[in-house]
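Visitor: Same order as they appear, the protein sequences are chains A and B. Under the numbering used here, the first residue of the first sequence is numbered 1, with each subsequent residue one higher. Under the numbering used here, the first residue of the second sequence is numbered 514, with each subsequent residue one higher. Ideal Cβ positions, reconstructed from N, Cα and C, are used throughout, including at glycine. Every value quoted in this text rests on a predicted model; they were computed, and no experiment measured them.
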Amino acid sequence: MTTNILEMRSITKTFPGVKALQDVSLAVQRGHIHAICGENGAGKSTLMKVLSGVYPAGTYDGEIVFENETVAFKSINESEATGVVIIHQELALSPFLSIAENIFLGNEQQSGGWIDWNKTNLEAAKLLARVGLKDNPITKVRDIGVGKQQLVEIAKALSKEVKLLILDEPTAALNDEDSAHLLDLMKHLKGQGITSIMISHKLNEIKAVADEVTIIRDGKLIETLDMHTDDISEERIIKGMVGRDLGSRYPDHTPHIGEELLRVEDWNVYHPLDHQRKVVKDANISVRAGEIVGIAGLMGAGRTELAMSVFGHSYGHNISGKVYKNGALVDTSTVAAAIDHGLAYATEDRKRYGLNLIEDIKRNISLVSLHKISKRGWVDSNQEIVVAERYRKSMNIKAPSVEALAGKLSGGNQQKVVLSKWMFSDPDVLILDEPTRGIDVGAKYEIYGIINKLADDGKGVIVISSELPELIGICDRIYTIFEGRITADVPRGQATAEYLMQHMTQEREKDNR
Amino acid sequence: MSAFRSAFNYLGSQLRQVGLIIALLAITIFFQIATSGITLKPINVSNLIVQNSYILILAVGMVMVIIAGHIDLSVGSVVAFVGAMAGVMITQWNIPWWAAIVLCLGVGAVVGVWQGFWIAYFGIPAFIVTLAGMLTFRGLTQIALQNQQISPFPDEFRALGSGFLPDLGGGTSLLEPLTMGIGLLATALLVAQGIRSRLARKKYDVEDEPFAWFILKLVFTAGIILFITYLLASYRGTPIVLVVLGLLTVVYAAVMANSVFGRHVYAIGGNLNAAALSGVKTKRVTFMLFVNMGVISALAGLIFTAQLNLANPKAGDGFELDAIAAVFIGGAAVTGGIGTVTGAIIGGLIIGLLNNGMSILGVGTEYQQLIKGLVLLAAVAFDVYNKRRSGGR
Numbered sequence: 001m002t003t004n005i006l007e008m009r010s011i012t013k014t015f016p017g018v019k020a021l022q023d024v025s026l027a028v029q030r031g032h033i034h035a036i037c038g039e040n041g042a043g044k045s046t047l048m049k050v051l052s053g054v055y056p057a058g059t060y061d062g063e064i065v066f067e068n069e070t071v072a073f074k075s076i077n078e079s080e081a082t083g084v085v086i087i088h089q090e091l092a093l094s095p096f097l098s099i100a101e102n103i104f105l106g107n108e109q110q111s112g113g114w115i116d117w118n119k120t121n122l123e124a125a126k127l128l129a130r131v132g133l134k135d136n137p138i139t140k141v142r143d144i145g146v147g148k149q150q151l152v153e154i155a156k157a158l159s160k161e162v163k164l165l166i167l168d169e170p171t172a173a174l175n176d177e178d179s180a181h182l183l184d185l186m187k188h189l190k191g192q193g194i195t196s197i198m199i200s201h202k203l204n205e206i207k208a209v210a211d212e213v214t215i216i217r218d219g220k221l222i223e224t225l226d227m228h229t230d231d232i233s234e235e236r237i238i239k240g241m242v243g244r245d246l247g248s249r250y251p252d253h254t255p256h257i258g259e260e261l262l263r264v265e266d267w268n269v270y271h272p273l274d275h276q277r278k279v280v281k282d283a284n285i286s287v288r289a290g291e292i293v294g295i296a297g298l299m300g301a302g303r304t305e306l307a308m309s310v311f312g313h314s315y316g317h318n319i320s321g322k323v324y325k326n327g328a329l330v331d332t333s334t335v336a337a338a339i340d341h342g343l344a345y346a347t348e349d350r351k352r353y354g355l356n357l358i359e360d361i362k363r364n365i366s367l368v369s370l371h372k373i374s375k376r377g378w379v380d381s382n383q384e385i386v387v388a389e390r391y392r393k394s395m396n397i398k399a400p401s402v403e404a405l406a407g408k409l410s411g412g413n414q415q416k417v418v419l420s421k422w423m424f425s426d427p428d429v430l431i432l433d434e435p436t437r438g439i440d441v442g443a444k445y446e447i448y449g450i451i452n453k454l455a456d457d458g459k460g461v462i463v464i465s466s467e468l469p470e471l472i473g474i475c476d477r478i479y480t481i482f483e484g485r486i487t488a489d490v491p492r493g494q495a496t497a498e499y500l501m502q503h504m505t506q507e508r509e510k511d512n513r
Numbered sequence: 514m515s516a517f518r519s520a521f522n523y524l525g526s527q528l529r530q531v532g533l534i535i536a537l538l539a540i541t542i543f544f545q546i547a548t549s550g551i552t553l554k555p556i557n558v559s560n561l562i563v564q565n566s567y568i569l570i571l572a573v574g575m576v577m578v579i580i581a582g583h584i585d586l587s588v589g590s591v592v593a594f595v596g597a598m599a600g601v602m603i604t605q606w607n608i609p610w611w612a613a614i615v616l617c618l619g620v621g622a623v624v625g626v627w628q629g630f631w632i633a634y635f636g637i638p639a640f641i642v643t644l645a646g647m648l649t650f651r652g653l654t655q656i657a658l659q660n661q662q663i664s665p666f667p668d669e670f671r672a673l674g675s676g677f678l679p680d681l682g683g684g685t686s687l688l689e690p691l692t693m694g695i696g697l698l699a700t701a702l703l704v705a706q707g708i709r710s711r712l713a714r715k716k717y718d719v720e721d722e723p724f725a726w727f728i729l730k731l732v733f734t735a736g737i738i739l740f741i742t743y744l745l746a747s748y749r750g751t752p753i754v755l756v757v758l759g760l761l762t763v764v765y766a767a768v769m770a771n772s773v774f775g776r777h778v779y780a781i782g783g784n785l786n787a788a789a790l791s792g793v794k795t796k797r798v799t800f801m802l803f804v805n806m807g808v809i810s811a812l813a814g815l816i817f818t819a820q821l822n823l824a825n826p827k828a829g830d831g832f833e834l835d836a837i838a839a840v841f842i843g844g845a846a847v848t849g850g851i852g853t854v855t856g857a858i859i860g861g862l863i864i865g866l867l868n869n870g871m872s873i874l875g876v877g878t879e880y881q882q883l884i885k886g887l888v889l890l891a892a893v894a895f896d897v898y899n900k901r902r903s904g905g906r
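1) On the CB-based measure, 16 or more other CB atoms within 10 Å of its CB, does A/I481 come out buried or exposed?
2) Below 8 angstroms on the Cβ atoms is my guess for A/A289 versus A/G449; work out the distance and round it to an integer in Å.
3) Considering just the uninterrupted stretch of the alpha helix (DSSP H) at A/I474, what are its terminal residues?
4) Using DSSP with H/G/I as helix, E/B as strand and the rest coil, what is A/H317?
5) Run through the DSSP bridge pairs and tell me what A/D226 is partnered with.
6) I'd like the span of the beta strand (DSSP E) that includes A/S10, first residue to last.
7) Check the Cβ-Cβ distances between B/H777 and every residue of chain A, and say whether any is below 9 angstroms.
8) Please compile the residues from chain B whose C-beta is within a distance smaller than 7 angstroms of the C-beta of A/T347.
9) State yes or no: is the beta carbon of A/K421 nearer than 9 angstroms to at least one beta carbon in chain B?
10) Say whether chain A places a C-beta atom closer than 9 angstroms to the C-beta of B/K716.
11) If we cut at 9 angstroms on Cβ distances, does A/F96 have a partner in chain B?
12) Starting from the C-beta of A/V490, find all residues in its chain whose C-beta is less than 6 angstroms away, skip the five residues before and the five after it, and write them out in chain order.
13) Just by C-beta distance, which residues in the region 783-807 of chain B are closer than 9 angstroms to chain A?
14) Can you name the start and end residues of the beta strand (DSSP E) that A/S196 belongs to?
15) Roughly how many angstroms lie between the CA atoms of B/A725 and B/L538, to the nearest whole one?
16) In chain order, which alpha helix (DSSP H) runs of at least 4 residues are fully inside the region 407-470 of chain A?
17) Give every residue of the same chain whose Cβ lies closer than 6 angstroms to the Cβ of A/V518, excluding the five residues on either side of it in the sequence, and list them in chain order.
18) In chain order, what residues of the same chain lie with their CB nearer than 6 angstroms to the CB of A/R514, ignoring the 5 residues before and after it?
19) My output table needs one value for B/L744: the three-state DSSP class, helix, strand or coil.
20) Count the other CB atoms, across all protein chains shown, that sit within 10 Å of the CB of B/K716; report buried if there are 16 or more and exposed otherwise.
21) For B/W606, which three-state DSSP category applies?
22) Around the C-beta of B/S590, are 16 or more other C-beta atoms found within 10 angstroms, so that it is buried, or is it exposed?
23) Can you name, in chain order, every residue of its own chain whose Cβ lies under 8 angstroms from the Cβ of B/M514, other than the five neighbours on each side?
24) Tell me, please, whether the CB atom of B/I632 is closer than 9 angstroms to any CB atom in chain A?
25) Just reading off the alpha helix (DSSP H) that A/R392 is part of, what are its end residues?
26) Do you know whose CA, among B/T692, B/G782, B/A672, B/L586, lies nearest A/I358's CA?
27) Once you ignore the five residues that flank B/G829 on each side, which residues in its own chain have a CB closer than 6 angstroms to its CB?
28) What in chain A is Cβ-close to B/F774, meaning under 9 angstroms?
29) What residues from chain B crowd round A/A100, counting only those whose CB sits closer than 8 angstroms?
30) Assign A/H256 to buried or exposed, taking buried as 16 or more other Cβ atoms, counted over all protein chains shown, within 10 Å of its Cβ.
31) With a 10 Å radius around its C-beta and 16 neighbouring C-beta atoms as the bar for buried, classify A/G247 as buried or exposed.
32) For the region 354-376 of chain A, which residues have a CB atom closer than 8 angstroms to at least one CB atom of chain B, in sequence order?
33) Give me the chain B residues within the contact set of A/N107, using Cβ-Cβ distance strictly less than 9 angstroms, ordered along the chain.
34) Residues of the region 842-853 of chain B in Cβ contact with chain A at a cutoff of 7 angstroms, in chain order, please.
35) Tell me the DSSP secondary structure of B/P752 in three-state form.
36) Step through the CB atoms of chain A and report whether any lies within less than 9 angstroms of the CB of B/N771.
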């Protein structure tokens with residue numbers, strides 16, 4: 001009496017050097033909402049990409065059974081034709097087309113190559129009614145908010161006769177009201193017999209709508225919990241998500257903490273495109289000399305937005321708040337000013353924001369501090385090589401020479417080039433955004449050593465990371481951030497993964513602002 | 514054997530640069546044979562330099578714009594506009610020729626400020642702004658000239674385009690002494706600079722190119738300069754435009770290779786976001802590039818007008834395309850971040866040689882266009898192939 005609409009059996013997916021999924025099995029019951037949760041990088045999205053054919057059959061091991069038939073999707077088109085539709089976190093709508101055009105994109109209501117506009121708009125209106133969206137189907141997608149766009153995506157899925165709807169972090173970009181509406185819609189669709197898989201970090205949402213929850217950690221299936229029979233608390237889920245041994249993956253370090261170097265007060269930032277949405281709310285953070293401060297938050301919580309807006313207003317709109325350096329109010333509204341005041345920001349996205357990939361190592365390292373190796377505007381290229389050579393040796397950058405192109409280095413070595421660049425600028429405070437993302441374990445250990453060294457040199461280091469064990473392993477103090485608000489300031493001794501995760505997934509208290 | 518291999522590997526890494534020079538040599542040799550020796554006759558070499566000077570000058574400005582990831586389609590029209598202004602200033606307003614030159618360079622700067630503002634600070638793509646500029650400045654040219662041609666210009670002004678440095682041999686010597694002097698001096702400076710920077714590198718204990726390659730490069734470059742010096746000296750001496758072009762090339766090659774400004778241009782073209790997050794004032798650098806391009810276009814306009822002894826509403830038509838082609842043949846990347854001033858000059862010379870050689874051979878302009886188009890495509894295809902072979906950059 002199998003009621004499972006989907007069974008994934010022993011899925012193993014390997015990328016060069018990494019086992020992203022290891023022997024993961026998943027069974028989803030017909031007509032249920034099945035949540036999948038786990039830390040960033042645990043393998044949730046990979047699993048869904050395997051299911052939807054983004055990673056075609058043959059590139060993974062294991063078996064997928066959908067509606068009692070073994071399937072081997074070679075592309076998204078095949079999975080969609082079978083009734084499996086995935087809605088990604090980054091919405092895939094065309095902003096300049098109408099709602100109706102987007103819904104039927106690639107599936108046009110046509111007769112003989114000509115679009116039947118009446119049918120298109122009529123059918124679209126019916127679908128919009130099903131998702132509870134009252135807008136006119138001829139409205140351009142860019143003229144509706146993110147929340148409504150999410151609903152359009154769902155309407156698009158419904159137009160494809162969806163049987164299994166996969167939502168990847170559906171509420172990550174939504175405000176409370178839109179989130180609540182979306183969750184209601186999911187329950188409503190469940191009533192119509194549509195099965196959903198929902199990837200989410202937000203435990204309160206999982207608790208509100210999910211029938212089962214599957215927890216994945218480090219590419220392995222941890223457990224599947226029944227939300228109805230067992231009385232599952234949020235703490236119970238958190239334990240499953242983070243429970244792993246910390247081991248000695250972090251170098252020993254005794255902090256020598258001095259005076260306060262940087263303090264950010266009442267920091268508020270609005271979204272650069274959606275000017276109504278506050279991304280950072282009344283944030284207060286500080287860092288002292290020799291201190292390593294962590295910022296723990298889930299993806300979309302506002303960590304990077306906080307850091308980049310402080311560093312030269314590189315992100316956001318209508319930014320307000322005060323930045324104090326060594327107790328004095330300073331202006332960090334341009335990157336050049338921020339650098340002058342001794343700030344450095346090493347980005348989470350090395351390739352897009354950190355490096356000039358078509359340029360060599362030495363020129364990447366020197367870029368921020370060209371004035372240090374130049375006279376009257378002319379660069380001493382010999383000294384540049386000497387400087388780069390010094391960092392190549394001290395940071396252990398593995399490359400044939402400092403004239404190797406940055407784009408040809410491995411992730412770990414690219415990260416070392418980024419760090420070298422900022423170390424050469426000799427800042428007082430370094431903000432390191434996901435410094436170990438996409439780096440293998442050995443290189444991670446080296447990066448931790450570098451971070452400790454920077455702190456020992458009397459610098460303040462702020463580390464933003466999705467990996468809680470990493471923060472717990474290296475930080476003297478950790479801030480948690482949730483939906484743009486700093487929810488806790490946790491000293492080293494009290495920082496446990498469970499405690500942090502609690503503050504990263506729910507607000508300490510609902511204040512009325 | 515290993516020394517040979519390392520030298521060979523080094524050569525491989527310099528393939529683009531070496532390939533460009535080989536292409537230039539091959540084209541020269543081909544035309545030298547095909548035209549039964551006319552190509553390298555002193556008078557032809559002199560003409561080749563003079564007649565291509567304005568394209569080469571434009572290419573110097575254009576390569577910087579393209580390295581930054583932009584483009585300038587307006588330079589042909591700016592050349593015409595500045596020529597027209599020079600004509601109006603000198604013949605109608607009776608401004609002295611030297612003052613007119615200064616004012617015209619100022620006009621170029623204003624054009625650059627105008628376009629640079631819209632591109633850098635207002636955020637309109639350079640393609641659009643300069644396409645608009647192409648139309649506006651052509652229109653302004655026609656308005657300024659009232660659709661008439663202006664001619665003639667004073668001799669001093671004309672010398673800027675077609676004049677030569679004074680003949681110290683009194684027109685009787687076999688080799689003109691001033692030109693020989695300049696050529697020898699340039700060669701000596703080149704060799705001295707090469708040795709000096711190599712010694713400096715040694716002092717810093719920096720890994721350097723193989724010694725044999727260093728010597729070969731130095732001897733080859735010196736040889737080329739001396740050969741051209743000899744050819745020019747046995748005709749009428751040094752064209753004034755060559756002095757202008759030479760200075761421009763040396764200065765801008767140095768700026769792009771070794772100045773903070775040049776580094777910022779490469780950084781912007783290579784990764785705009787990373788440059789901005791590294792404190793590079795991306796808007797200001799972009800703005801300055803277009804101001805610079807405006808002044809360089811004005812210079813090219815003055816030289817072109819002086820050479821033809823004519824301010825013409827149709828002047829400079831298509832110059833932007835020749836300059837852009839020169840830059841891409843010279844190895845610049847369409848996506849920005851890659852390219853050199855010397856590469857652009859060599860690219861411009863290749864186009865000039867093709868024009869010149871085919872004209873001597875009596876090839877019709879229709880075939881000239883066809884062949885130039887194919888050469889541009891082949892050069893960029895070679896780049897793309899090279900990139901793919903080395904596994905992407």
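Guide: In short, the structure shows the following:
1) buried
2) With a Cβ gap of about 19 angstroms, A/A289 and A/G449 do not count as contacting.
3) 468-474
4) Of the three classes helix, strand and coil, the one that applies to A/H317 here is strand, per DSSP.
5) Beta-bridge pairing by DSSP links A/D226 to A/E212.
6) Where A/S10 is concerned, the enclosing beta strand (DSSP E) stretches over 4-15.
7) yes
8) By Cβ distance, chain B contributes L790.
9) yes
10) Taking Cβ atoms only, chain A reaches closer than 9 angstroms to B/K716, which makes this a yes.
11) no
12) I478
13) G783, N784, N786, A787, A788, A789, L790, S791, G792, V793, K794
14) 195-199
15) 21 angstroms
16) 411-424, 441-456
17) The structure shown does not extend to residue 518 of chain A, since chain A is modelled only from 1 to 513, so the question has no answer here.
18) Past the boundaries of the shown model lies residue 514 of chain A; chain A is included only from 1 to 513, so the question cannot be answered.
19) helix
20) exposed
21) coil
22) buried
23) With a pLDDT of only 42 at B/M514, under the threshold of 50, the placement of this residue in the model should not be trusted; the figure read from the coordinates follows. Around B/M514: no qualifying Cβ.
24) no
25) 381-394
26) B/G782
27) G589, V592, A593
28) G377
29) The premise fails here: A/A100 is roughly 31 angstroms from chain B at the closest Cβ pair, so nothing lies under 8 angstroms.
30) exposed
31) The pLDDT assigned to A/G247 is 48, lower than 50, so where the model puts this residue is not dependable; a value taken from the coordinates is nonetheless given after this. Exposed.
32) Those residues of the region 354-376 of chain A that come within reach of chain B (Cβ to Cβ, closer than 8 angstroms) are G354, L355, N356, L357, I358, E359, R363, S366, L367, V368, L370, H371, S374.
33) Correct list: empty, because the minimum Cβ distance to chain B is about 33 angstroms.
34) G850, I851
35) strand
36) Yes, contact with chain A.
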